[in-house]
Amino acid sequence: MNERSEADRMVQETWFQRTIRRPEIGAFVVMVFIILALAIASDGRAFNALGVKNNVAIIAQFGIIATGAAMLMIAGEFDLSIGSMIGFAGMSMAMMLKWGLPFGLGEATPFMAFLLTLAMTLSLGWLIGTIVVRSGLSSFIVTLGFLFFLRGTTEVSFRLINQSTQISGLPDYKETNWFADLMGGEVFGWFYDLWFMLGGNLNRKGEQWVTGFDARFLWWIIIAGAAYFVLSRTQLGNWIYATGDNKDSARANGVPVNRVKIGLFMFTAFCATIFAACQVFDTNTSDAAKGNLKELEAIAIAVVGGTLMTGGFGSIIGVVFGAVTVGLVANAVFFIPWIDGSWFRVFVGTVLLAAVFANERIRKRITGGI
Amino acid sequence: MTEPYMRVEKLVKKFGPFMALNGVDLEVYPGEVHALLGDNGAGKSTLIKILSGVHEPTSGSIYIEGRAKKFRSPRDATAAGIGTVYQDLAINQLMSVTRNFFMGRELTSAFGKLRMDEMNQIAHDEMLKIGIDFSDPTQAVGTMSGGQRQTLAIARAIYFGAKVLILDEPTSALGQKQQMEVLKTIKRVRARGDIAIIFITHNEIHSKLVADRYTFLALGQVIGSGPKAEIEAQDIRRLMAGGAEMKDLEHELSQI
Chain R
141 MNERSEADRM VQETWFQRTI RRPEIGAFVV MVFIILALAI ASDGRAFNAL
191 GVKNNVAIIA QFGIIATGAA MLMIAGEFDL SIGSMIGFAG MSMAMMLKWG
241 LPFGLGEATP FMAFLLTLAM TLSLGWLIGT IVVRSGLSSF IVTLGFLFFL
291 RGTTEVSFRL INQSTQISGL PDYKETNWFA DLMGGEVFGW FYDLWFMLGG
341 NLNRKGEQWV TGFDARFLWW IIIAGAAYFV LSRTQLGNWI YATGDNKDSA
391 RANGVPVNRV KIGLFMFTAF CATIFAACQV FDTNTSDAAK GNLKELEAIA
441 IAVVGGTLMT GGFGSIIGVV FGAVTVGLVA NAVFFIPWID GSWFRVFVGT
491 VLLAAVFANE RIRKRITGGI
Chain A
3 MTEPYMRVEK LVKKFGPFMA LNGVDLEVYP GEVHALLGDN GAGKSTLIKI
53 LSGVHEPTSG SIYIEGRAKK FRSPRDATAA GIGTVYQDLA INQLMSVTRN
103 FFMGRELTSA FGKLRMDEMN QIAHDEMLKI GIDFSDPTQA VGTMSGGQRQ
153 TLAIARAIYF GAKVLILDEP TSALGQKQQM EVLKTIKRVR ARGDIAIIFI
203 THNEIHSKLV ADRYTFLALG QVIGSGPKAE IEAQDIRRLM AGGAEMKDLE
253 HELSQI
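Next up, the structure:
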């Protein structure tokens, strides 16, 4: 009689073996490849002082909404209304700033405009989540409805109140207002100061060229950091995984499945609102087409980062790698003049398909091939 | 004789005109395995759903330690010390052993932060107590065998206060070797002495290996019950088939 138990059949792996089997590794390898390829093809311009700032700006934009989309996907649902929510939130803030608060409440400060808009978008997120969990309908179809509904509402509101689907020429609030500066100003100036002191970051006159990153970089770090902490270290994180994996068994063990889902629909609405606020206070403009297709890009980034379409599994670190990859490729056209910008979509489509196959392999490995 | 931990009296459950249970009595004692046997449709599932608070009985009473109790929800049943391990086990494959063990009842410190090391340790220790030495409680449940998953679900129910452990056909979907593992687990839980086990099965051999007491259901009624010594092997086979005589069956089969 031998003494082998079933536990002995798990082979102990080395650190290296464990690392290359991590779900984020595919996204990491693609990211490193893109960084190197872009650096070479642009003669380093993509990573000079301004290049880094511009790349980080778009990466952070993608990262903010992809974090929300990934959290929701891990809990087993989709949100196709993210892009329209961005347009709606941007419209709402810009209109309040230009035309004053609703119901004749007077002039809007940037903070009040943001707060009222956030109250609306969080309510919409709550409504979407409640419809999904109460009706038992697929979130795909419910949020598709809100994709059209919110985009239409945005355009109609613009035309009714503003007579035009654009607002431009708002005052540069970030110069005078603490809140606008927080959303649309600059952060991490010390990074570029240091770069300048070390002899780089010079413009043609030999002065300091770039003074800081866009504020959305900080917001991305906060949102992704919080999401990472919640998912991997907290009770709520365990509930999110359990909800997405098998909601019936989660419910049988006392996990408040519906509240988890509704909360995450509100979280994607929150991310969309932050996205919009950074855009509005950075550029002092808004337009009805803002955020178009962003929901699909957010989902694509989440999948490239290793999030399973079926829920129950995913990693915020992978989503960070995915956001860097997709952001760099989206921006590549500005650094490589001879390239056709539409290659971006060709690339995203290809990487997305490859990622889905890779994720399916990971899922099979974890579940023992079922 | 010790007091039964749980006693069920004249339990009746009707679904519309359909009489699912027609006056069922049942007693379960700590430290005993009570095998609940019966054919498909005999009312086993209805009975355990009432005991675990999923359905409310039409009439009849449930006594826990001599006191009458009404279960309006599974939560009530859990609070009364009844832990049910269903066939699907309520386990999530993609999550780790520890995360499954504490699913919905996590140990947390400030801000809902998980006490992960402590949870890993408890999950490991509790599973070791009933027979599985799991070196890595962070591994995904998807990599475990069916028997190990069964053990996880049982250890979880016990840790969270089950005094009556209801096992719904725990051996039915497993291979031979894993069935034996589950039976060993049942024996180990029995050996603790403080937990009553209701073991639902189709398998006569399995019930004979571990049971101390039997109840046979057929068409919503108890057609035989008693301690092991009183129920002879021949009796078991006859009662398992819902009371139909084996000889009659053989006769009928030969005529086809």
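Keeping their order, the protein sequence lines are chains R and A. 141 is the number of the first residue of the first sequence in the working numbering; add one for each residue after it. 3 is the number of the first residue of the second sequence in the working numbering; add one for each residue after it. Using N, Cα and C, we set each Cβ at its ideal position, and we do this for glycine too. Here the structure is a predicted model, which is why all the values come from computation and not from measurement.
Cβ neighbours of residue i in the same chain (closer than 8 Å, five flanking residues each side left out)
i, result
"R/THR270", "ILE402"
"R/ALA179", "ALA186 and PHE187"
"A/LYS186", "GLY133"
"A/ARG74", "GLY55 and GLU58"
"R/GLN348", "TYR332, ASP333, PHE336, ASN341 and LEU342"
"R/VAL460", "GLY203, ALA364 and GLY445"
"A/ALA70", "SER63 and ILE64"
"A/TYR7", "VAL30, TYR31, PRO32, ILE66, GLU67, GLY83, LYS165, VAL166 and ALA198"
"R/VAL400", "ALA215, LEU376, TRP379, ILE380 and THR383"
Nonlocal neighbours in the same chain, by C-beta distance under 7 Å from residue i, ignoring five residues either side
i, result
"R/ILE205", "ILE222, CYS411, ALA412, PHE415, LYS434 and ALA438"
"R/ASN142", "Low per-residue confidence applies at R/ASN142: pLDDT is 47, beneath 50, and the placement is therefore not dependable, though the value from the model is reported in the following sentence. Cβ neighbours of R/ASN142 beyond the five flanking positions: none."
"A/PHE136", "VAL99, HIS126 and MET129"
"R/ILE510", "No answer about R/ILE510 holds up, because its pLDDT of 48 lies below 50 and its placement is not dependable."
Where the beta strand (DSSP E) through residue i begins and ends
i, result
"A/ILE129", "Correcting the residue identity first, residue 129 of chain A is Met in this sequence and not Ile. First-last for A/MET129: 118 to 131, but that is the alpha helix (DSSP H), not the beta strand (DSSP E)."
"A/THR86", "84 to 87"
"A/TYR31", "A/TYR31 -> no beta strand (DSSP E), and no H or E assigned at all."
Residue-chain proximity (residue i, chain A), Cβ-Cβ < 7 Å
i, result
"R/ALA392", "yes"
"R/ILE506", "yes"
"R/THR374", "yes"
"R/PHE453", "yes"
"R/ASN386", "yes"
"R/ASN378", "yes"
"R/SER182", "no"
"R/VAL395", "yes"
"R/ALA382", "yes"
"R/ILE502", "no"
"R/SER224", "no"
"R/SER389", "yes"
Bridge partner(s) assigned by DSSP for residue i
i, result
"A/PHE17", "A/PHE20"
"A/VAL26", "A/LEU13"
"A/ALA198", "A/VAL166"
"R/VAL327", "R/PHE353"
"R/PHE407", "DSSP, once it has assigned bridges, lists no residue as partnering R/PHE407."
"A/TYR65", "A/ARG9 and A/ALA70"
"A/GLY228", "A/TYR216"
"R/ASP427", "R/GLN306"
"R/SER278", "R/SER278 is not bridged to any residue."
"A/GLY223", "According to the sequence displayed, residue 223 of chain A carries Gln and not Gly. DSSP output for A/GLN223 lists A/ALA220 as bridge partner(s)."
"A/THR1", "Lying before the first or after the last residue shown, residue 1 of chain A is absent from chain A, which here runs from 3 to 258."
"A/LEU38", "A/ILE202 and A/THR217"
Contact with chain R by residue i, beta-carbon distance below 7 Å
i, result
"A/ARG101", "yes"
"A/MET182", "no"
"A/THR110", "yes"
"A/LYS115", "yes"
"A/GLY133", "no"
"A/ASN94", "yes"
"A/ALA142", "yes"
"A/MET105", "yes"
"A/MET8", "no"
"A/MET97", "yes"
"A/GLY18", "no"
Neighbourhood of residue i by C-beta, 6 Å cutoff - its chain only, sequence neighbours within 5 removed
i, result
"A/ILE238", "GLU206"
Residue range of the unbroken alpha helix (DSSP H) whose run includes residue i
i, result
"A/TYR161", "148 to 161"
"A/PRO265", "Because residue 265 of chain A is not part of the residues shown, which for chain A are 3 to 258, the question remains open."
"R/GLN157", "155 to 160"
"R/LEU178", "165 to 181"
"R/GLY390", "Note that residue 390 of chain R is Ala in the sequence shown, not Gly. Start and end: 387 to 392."
"R/ARG93", "Any question about residue 93 of chain R goes unanswered here, given that chain R covers just 141 to 510."
"R/LYS504", "483 to 506"
Any non-hydrogen atom of the ligand SAM closer than 6 Å to residue i Cβ
i, result
"R/SER482", "Only the bare structure without any ligand can be found here, which leaves the ligand SAM out of the picture."
Does the structure place the stretch 371 to 382 of chain R close enough to the stretch 112 to 120 of chain A that three or more beta carbon pairs sit under 8 Å? yes
Pairing CB atoms from the stretch 216 to 234 of chain R with CB atoms from the stretch 283 to 290 of chain R, are three or more of them under 8 Å? yes
Per the contact definition of three or more C-beta pairs closer than 8 Å, is the stretch 450 to 465 of chain R in contact with the stretch 288 to 295 of chain R? no
Okay, do the stretch 390 to 401 of chain R and the stretch 417 to 428 of chain R touch, 3+ Cβ pairs below 8 Å being the bar? no
Under 8 Å, with one C-beta from each stretch per pair, do the stretch 135 to 148 of chain A and the stretch 76 to 84 of chain A reach the 3-pair mark? no
Is it a yes or a no for the stretch 352 to 369 of chain R touching the stretch 95 to 106 of chain A, going by three-plus beta-carbon pairs under 8 Å? no
Kindly confirm or deny that the stretch 191 to 208 of chain R and the stretch 468 to 484 of chain R touch, where touching means at least three C-beta pairs closer than 8 Å. yes
contact_flag[the stretch 119 to 136 of chain A, the stretch 168 to 175 of chain A] where n(CB pairs < 8 Å) is 3 or more: no
contact_flag[the stretch 36 to 50 of chain A, the stretch 216 to 224 of chain A] where n(CB pairs < 8 Å) is 3 or more: yes
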